[in-house]
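**Student:** The structure is given below, and queries will be raised subsequently.
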Amino acid sequence: MYPQRIEPKQGQESVWDYPRPPRLEPVAKRLRVILCGEMIADTTRSYRVLETSHPPVYYLSPDDICMEFLIRTPRSSFCEFKGVATYWTVKAGFKTAEDAAWGYENPTPAFMSMRGYLAFYANRMDECYVDDEKVTPQPGGFYGGWITREIVGPFKGGAGTWGW
1 MYPQRIEPKQ GQESVWDYPR PPRLEPVAKR LRVILCGEMI ADTTRSYRVL ETSHPPVYYL
61 SPDDICMEFL IRTPRSSFCE FKGVATYWTV KAGFKTAEDA AWGYENPTPA FMSMRGYLAF
121 YANRMDECYV DDEKVTPQPG GFYGGWITRE IVGPFKGGAG TWGW
């Protein structure tokens with residue numbers, strides 16, 4: 001059984017209006033990622049992936065990520081739409097966030113524009129922002145969507161949502 005869609009208000013989007021298969025679109029909003037007081041990324045050049053029942057996943061330009069804080073890990077995963085993902089641990093100050101970022105080095109043709117861009121799990125960072133709004137992480141530990149007041153759900157990822 002699917003959950004009841006929340007009706008979006010003026011200026012909001014419902015994740016239930018997002019497509020499947022997912023869509024990639026450029027984003028000019030300022031995105032920031034912070035761990036242990038260090039600015040890991042700060043960009044206005046990114047993409048977001050929109051998929052039914054998921055808050056947007058933001059992929060940040062590698063040119064605007066301080067790669068000295070990232071260490072590639074052996075982990076990988078497969079997405080039927082985007083291809084094989086590689087993972088990165090983020091280490092800043094006294095904090096280490098294992099497999100906290102991921103990206104696609106050789107994505108499928110539909111997602112080639114975001115090749116080399118990285119997404120971050122907001123729940124593994126201290127702070128992530130879309131413009132000046134601190135995001136809420138997507139529920140659960142599997143998906144990496146960023147929730148802002150512009151997005152309404154309900155969202156896949158929490159307990160009892162795997163069957164959606």
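Its first residue numbered 1, the sequence shown is counted upward by one per residue in full-length UniProt numbering.
Virtual Cβ for every residue (Gly too), placed ideally from N, Cα, C.
Remember, it's a predicted structure, so these values are computed and weren't measured experimentally.
What are the start and end residues of each continuous beta strand (DSSP E) run of 3 or more residues lying completely inside the region 113 to 137, in chain order?
**Tutor:** Listed in chain order, the complete beta strand (DSSP E) runs (minimum 3 residues) inside the region 113 to 137 are 118 to 120, 127 to 130.
**Student:** Confirm, please, whether the CB-CB distance from Arg-32 to Tyr-117 is below 8 Å.
**Tutor:** Within the sequence shown, numbered from 1, the residue matching residue 117 stands at position 117. Within the sequence shown, numbered from 1, the residue matching residue 32 stands at position 32. No. Outside cutoff.
**Student:** Check each candidate in Leu-35, Ile-34, Thr-52, Gln-4 and name the one with the smallest Cα separation from Pro-21.
**Tutor:** Residue numbering aside, residue 21 sits at position 21 when the sequence shown is read from its first letter. That would be Thr-52, whose Cα lies nearest to the Cα of Pro-21.
**Student:** Hey, out of Pro-3, Pro-109, Val-90, Ser-77, whose CA is closest to Phe-120's CA?
**Tutor:** Here residue 120 is taken as the residue at index 120 of the sequence shown, counted from 1. When only C-alpha atoms are compared, the closest one is Val-90.
**Student:** Can you tell me which residues form a DSSP beta bridge with Lys-95?
**Tutor:** On the sequence shown, position 95 is the one that residue 95 refers to. Note: Lys-95 sits in a beta bridge opposite Ala-92.
**Student:** Does DSSP classify Pro-74 as helix, strand or coil?
**Tutor:** As a working mapping, residue 74 is identified with position 74 in the sequence shown. DSSP places Pro-74 in strand when its eight states are reduced to three.
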